[in-house]
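> Provided herewith is a single structure, encoded as structure tokens, for subsequent inquiry.
There are 2 protein chains.
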Amino acid sequence: MAATLREVADRAGVSVRTVSNVVNDFPQVAAGTRARVQKALDELGYQPNAVARTLRRGRSGLIALVLPELDVPYFAELTRAVIEQAAAAGYTVVVDQTDGDPVRERELVMRGNRAAMFDGLIFNPLALDGADLRDRPSSTPVVLLGERVIQGGLDHIMIDNVGAAGLATRHLIDLGRRRIAAIGDQADESRQTGRLRTAGFTAALRTAGLEITPELIRPTEFFHRSDGAAAMSDLLALPDPPDAVFCYNDLLALGALRTILSHGLRVPEDIALVGFDDIEDGRYSTPSLTTIRPDKTQIAKHAVQLLLSRLEGDTTPPAEISADYDLVIRESTGS
Amino acid sequence: MAATLREVADRAGVSVRTVSNVVNDFPQVAAGTRARVQKALDELGYQPNAVARTLRRGRSGLIALVLPELDVPYFAELTRAVIEQAAAAGYTVVVDQTDGDPVRERELVMRGNRAAMFDGLIFNPLALDGADLRDRPSSTPVVLLGERVIQGGLDHIMIDNVGAAGLATRHLIDLGRRRIAAIGDQADESRQTGRLRTAGFTAALRTAGLEITPELIRPTEFFHRSDGAAAMSDLLALPDPPDAVFCYNDLLALGALRTILSHGLRVPEDIALVGFDDIEDGRYSTPSLTTIRPDKTQIAKHAVQLLLSRLEGDTTPPAEISADYDLVIRESTGS
DNA sequence: TGTGAGGCTTGCAACGTTGCAAGTGATGCT
DNA sequence: AGCATCACTTGCAACGTTGCAAGCCTCACA
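Protein chains in written order, with our numbering: chain A, 1 to 335; chain B, 1001 to 1335.
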């Protein structure tokens, strides 16, 4: 098992170099020799050693996708899109999850191509910020995903969170709701997603001439179902509960939905609900979930293309690309 | 950037070998030399080249986890568990998804350690069977996950599907339900999961003296929400619809739930529902989902430990390990 | 002063592959 | 016959690392 070029060469009675030429389909090989070598290759079941090849060529054909949490549906769905895009370009994606742990993020991202065997990195940071990333010792190209504001210096694919949050909020306003809550604000300065969406939320309220009520803007530590359920409980305990809620992602919304229904209230009649991400779960909940749909395929496509162009030596200044999004209206706002 | 041992050695005025000794913390290095080398290492920001190291050492510290679909919550949650277990042992997991495509499965699994840079493989096949796998040319250790019956020859972690399906079915019988349906049977001989669960289902009915009604056993192509929704529509269109449904995974159950509720029926009053897998979604649906909970942590732990023991040269005969499971009763069967 | 031991450092080779440039032998042309 | 040409094949070196065993130097002791 595990034949090397050397062994194949001995069996075929040629030099190692000639076997390599056959394996790599170089034209300058006589038909007879090629056949003889091919026979030996088949008989020994030769498979090129990827590690040696990578060392020699300086390219592994692997790109790493580093995400906070794989079992968050948004990331799982994004991962699928990235794998598909990369496969189309002949690259294999390997995925790793950081749980947003700064130590782990740093470990994976900072040690560059020398340490890991990846040609490039697509990275959605939770804890690391621009300063951390700028002085990476490595020269492996990196493309960043997600909403953390990185002050320049690196390629970055994002969506317009302020605009998208505004769109979601306006939809609730247009339905005639006046006491609108938000779930998912984040106090922590380093978590930009929540802050940007809150900015869009309040801007939309202000534009509509509605009052901004701090008690209706609920922070959460994470964006999980349990956070949404807990925040919704708090909102329902208010003397004057909201008649609509904008949740900063679909998991929060699904958690909130569960809480609302278990209090005997109806969605959307009593409380209208909008989420964010358009994960599959939200299409099958009852009621199904109105949500902001970021174009995940586009995000993946941009990320992979940008990374590959860097791999091919593109040295244009770092790009900031905004992906499209739209509002998908479903039952939770009463379609 | 990307300093090599050679460059560090030149800067510190020592040999390459000595730098290597410092990097690897060999004791036989004089304190002064060590300090000087360490200084050079720091100044150049040296990071060992993992590819060269792997080539030399024959170990990469990477294990691959190959799964059908990453955006199926069960697999996403299992992935988290595997990553955690492997990290505890100092291994990094890279994940790849096959979509159950035999070509892709073969490509990833058959070309062995020579081709990929992984020390071992944890593989959940959908399409490949025992015969395919046995004559792998590679010597990379593999541990199989999932319910496909592999006729010996490889390590395999599974759960007792027949028993688990029987447990779920008995629960419905104990509730007094008499017209019990199943969703997720699979005609395709190669998809064992559905067949095993159907075996457990019918065995439980038979034991309880209930009749087996073929029209109540609905096959599906996949185990996705949409398959569950469609199958449930068919069941509701029967002249005499069921009063309980056992779905072969939670996604099927969530799809079925959506269909039931949208027909104005109640769960569990009109139809009781049991799923399988215990994904997080089922804990937050309304009603929450009664389900079979396989011990994912245990599966991951066994898989990683077995793989690592093979890596260390364990040559005991291939193991077949059954992981634990239990029944979690929630609202969908009326707790 | 010679010898051995011990502490520290080093050169060589190898992991398996491929780029480079040179090598071989046969063929064709003058 | 002599020489250039062509088609094909090959050896060497290198990618960056580490195992092995030898080497050097100093020091202690006789």
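From the three backbone atoms N, C-alpha and C, an ideal C-beta is built for every residue, glycine too.
Taking Cβ to Cβ, would you say residue 1225 of chain B is nearer than 9 angstroms to residue 34 of chain A?
As a first step, residue 1225 of chain B is located in the second sequence; it is residue number 225 there, counting from the start. As a first step, residue 34 of chain A is located in the first sequence; it is residue number 34 there, counting from the start. Going by C-beta atoms, residue 1225 of chain B is not nearer than 9 angstroms to residue 34 of chain A.
> Residue range of the alpha helix (DSSP H) that residue 331 of chain A falls in?
The count along the first sequence starts at 1 and reaches residue 331 of chain A at position 331. No alpha helix (DSSP H) contains residue 331 of chain A, which DSSP labels as neither H nor E.
> Out of A:240, A:90, A:223, A:244, point me to the one whose CA is closest to residue 59 of chain A's CA.
Sequence index remark: in the first sequence, residue 59 of chain A carries index 59 (1-based). Ranking A:240, A:90, A:223, A:244 by Cα distance to residue 59 of chain A puts A:90 first.
> Is there a Cβ of chain A sitting closer than 9 angstroms to that of residue 1304 of chain B, yes or no?
The residue given as residue 1304 of chain B occupies position 304 in the second sequence. Residue 1304 of chain B does not count as touching chain A.
> Kindly list the residues whose CB is nearer than 7 angstroms to the CB of residue 1154 of chain B, restricted to its own chain and excluding five residues on each side of it in sequence; keep chain order.
For the purposes of this step, residue 1154 of chain B is identified with residue 154 of the second sequence, where counting begins at 1. These residues qualify, in order along the chain: 1133, 1142, 1144, 1318.
> For residue 285 of chain A, would you say it is in contact with chain B, using Cβ-to-Cβ distances shorter than 9 angstroms as the test?
What you label residue 285 of chain A is simply residue 285 of the first sequence in a count that begins at 1. For residue 285 of chain A, the answer is yes, since a Cβ of chain B falls inside 9 angstroms of its Cβ.
> For residue 1258 of chain B, return the contacting residues in chain A, with the cut-off set at a CB-CB distance below 7 angstroms.
Taking the first residue of the second sequence as 1, we reach residue 1258 of chain B at position 258. By Cβ distance, chain A contributes 284, 286.
> Just verifying my parser: in three-state terms, what is the DSSP assignment at residue 113 of chain A?
Taking the first sequence and counting its residues from 1, one reaches residue 113 of chain A at position 113. Confidence at residue 113 of chain A is low in this model, with a pLDDT of 49, below 50, so the placement of that residue should be treated as unreliable; the coordinate-derived value is given next. The answer is coil: DSSP assigns residue 113 of chain A none of H, G, I, E or B.
> Got a sec, what are the start and stop residues for the alpha helix (DSSP H) residue 1226 of chain B sits in?
Here residue 1226 of chain B refers to the residue found at position 226 of the second sequence. Residues 1225 to 1236.
> For the beta strand (DSSP E) containing residue 155 of chain A, name the first residue and the last one.
The residue you call residue 155 of chain A lines up with position 155 of the first sequence. Here the beta strand (DSSP E) through residue 155 of chain A covers 155 to 159.
> Going along chain B in order, which residues have a C-beta closer than 9 angstroms to the C-beta of residue 73 of chain A?
Taking the first sequence and counting its residues from 1, the one referred to as residue 73 of chain A is at position 73. Simply 1071, 1073, 1076, 1281.
> Rounded to the nearest angstrom, what separates residue 1332 of chain B and residue 215 of chain A at their Cα positions?
Residue mapping note: residue 1332 of chain B aligns to position 332 of the second sequence, counting from 1. Residue mapping note: residue 215 of chain A aligns to position 215 of the first sequence, counting from 1. Taking the straight line joining both Cα atoms gives about 34 angstroms.
> By DSSP, does residue 293 of chain A sit in helix, in strand, or in coil?
As a working note, residue 293 of chain A is residue 293 in the first sequence. Residue 293 of chain A falls in the strand class under three-state DSSP.
> Our contact map puts residue 1260 of chain B next to residue 1168 of chain B with C-beta atoms below 8 angstroms; I'd like the distance itself, whole angstroms only.
Residue mapping note: residue 1260 of chain B aligns to position 260 of the second sequence, counting from 1. Residue mapping note: residue 1168 of chain B aligns to position 168 of the second sequence, counting from 1. With a Cβ gap of about 17 angstroms, residue 1260 of chain B and residue 1168 of chain B do not count as contacting.
> Assign residue 1118 of chain B to one of two classes, buried (16 or more other C-beta atoms within 10 Å of its C-beta) or exposed (fewer than that).
Reading the second sequence from its first residue, position 118 is the one you call residue 1118 of chain B. Buried.
> Taking the alpha carbon of residue 1303 of chain B as the point to measure from, which residue in B:1085, B:1031, B:1238 has its own alpha carbon closest?
Position 303 of the second sequence, counting from 1, holds the residue named residue 1303 of chain B. Looking at the Cα atoms, B:1085 is the closest of the given residues.
> Looking at residue 129 of chain A and the ligand HEM, is the gap between the Cβ and the nearest heavy atom below 8 angstroms?
With respect to the ligand HEM, the structure shown offers nothing to examine, as it has no ligands at all.
> For the candidate residues A:227, A:184, A:271, A:124, whose alpha-carbon lies nearest to that of residue 175 of chain A?
For the purposes of this step, residue 175 of chain A is taken as the residue at position 175 of the first sequence. If we check each option's Cα against that of residue 175 of chain A, A:271 comes out closest.
> Which class does residue 68 of chain A belong to by DSSP, given the choice of helix, strand or coil?
On the first sequence, residue 68 of chain A is found 68 positions in, with the first residue counted as 1. If DSSP states are grouped into helix, strand and coil, residue 68 of chain A belongs with coil.
> State yes or no: is the beta carbon of residue 310 of chain A nearer than 9 angstroms to at least one beta carbon in chain B?
Within the first sequence, residue 310 of chain A is the residue found at index 310, counting from 1. Taking Cβ atoms only, chain B never reaches closer than 9 angstroms to residue 310 of chain A, which makes this a no.
> Within the continuous alpha helix (DSSP H) that includes residue 1020 of chain B, where are the two ends?
Counting from one through the second sequence, the residue named residue 1020 of chain B turns up at place 20. Its alpha helix (DSSP H) spans residues 1016 to 1023.
> Could you run through the region 10 to 22 of chain A and flag, in chain order, every residue whose CB is less than 7 angstroms away from some CB of chain B?
Those would be none; no residue qualifies.
> Is the Cβ-Cβ distance between residue 47 of chain A and residue 2 of chain A less than 9 angstroms?
Residue numbering aside, residue 47 of chain A sits at position 47 when the first sequence is read from its first letter. Residue numbering aside, residue 2 of chain A sits at position 2 when the first sequence is read from its first letter. Yes. Within cutoff.
> Apart from the five residues just before and just after residue 106 of chain A, which ones in its own chain have a Cβ nearer than 8 angstroms to its Cβ?
Indexing the first sequence from 1 puts residue 106 of chain A at position 106. The residues are 128, 132.
> Quick check on the DSSP output: the alpha helix (DSSP H) that includes residue 204 of chain A runs from which residue to which?
Taking the first residue of the first sequence as 1, we reach residue 204 of chain A at position 204. Residue 204 of chain A -> alpha helix (DSSP H) spans 192 to 207.
> Contact criterion: CB-CB distance below 9 angstroms. Does residue 183 of chain A meet it with respect to chain B?
Position 183 of the first sequence holds residue 183 of chain A. No, its Cβ sits nowhere closer than 9 angstroms to a Cβ of chain B.
> When you compare the CB positions of residue 55 of chain A and residue 1289 of chain B, do they come within less than 9 angstroms of one another, or not?
Counted from its first residue, the first sequence places residue 55 of chain A at position 55. Counted from its first residue, the second sequence places residue 1289 of chain B at position 289. Not a contact, by the Cβ cut-off of 9 angstroms.
> Using CA atoms only, rank isn't needed, just tell me which of A:11, A:49, A:20 is closest to residue 40 of chain A.
Sequence index remark: in the first sequence, residue 40 of chain A carries index 40 (1-based). When only C-alpha atoms are compared, the closest one is A:11.
> Pick helix, strand or coil for residue 1120 of chain B, following the three-state DSSP scheme.
For this step, residue 1120 of chain B is matched to residue 120 along the second sequence. In this structure, residue 1120 of chain B counts as strand in the three-state DSSP scheme.
> Report the rounded CA-to-CA distance for residue 1205 of chain B versus residue 1185 of chain B, giving the unit in angstroms.
Numbered from 1 along the second sequence, position 205 holds the residue referred to as residue 1205 of chain B. Numbered from 1 along the second sequence, position 185 holds the residue referred to as residue 1185 of chain B. Residue 1205 of chain B and residue 1185 of chain B: Cα-Cα distance of roughly 15 angstroms.
> With a CB to CB cut of under 8 angstroms and the five nearest residues on each side skipped, what residues in its chain are close to residue 1162 of chain B?
Taking the second sequence and counting its residues from 1, one reaches residue 1162 of chain B at position 162. Cβ within range, chain order: 1196, 1197, 1199, 1200, 1203.
> Along chain A, in chain order, which residues have C-beta atoms closer than 8 angstroms to that of residue 1272 of chain B?
Against the second sequence, residue 1272 of chain B aligns to sequence position 272. Chain A residues near residue 1272 of chain B: none, gap ~17 angstroms exceeds 8 angstroms.
> Using C-beta distances below 6 angstroms, list every residue in its chain close to residue 74 of chain A, excluding the 5 sequence neighbours before and after it, in chain order.
Position 74 of the first sequence holds residue 74 of chain A. Within the same chain, residue 74 of chain A has close Cβ partners 277, 279.
> Relative to chain B, which residues along the region 21 to 39 of chain A have a C-beta separation below 9 angstroms, given in chain order?
If the cut-off is 9 angstroms between Cβ atoms, the region 21 to 39 of chain A has nothing near chain B.
> Using CA coordinates, which residue listed in A:258, A:159, A:313, A:96 is at the minimum distance from residue 1064 of chain B?
Taking the first residue of the second sequence as 1, we reach residue 1064 of chain B at position 64. Looking at the Cα atoms, A:96 is the closest of the given residues.
> Just the chain B side, please: which residues come within less than 9 angstroms of residue 254 of chain A by C-beta, in chain order?
Along the first sequence, read from residue 1 onward, the residue named residue 254 of chain A stands at position 254. 1281, 1284, 1285, listed in chain order.
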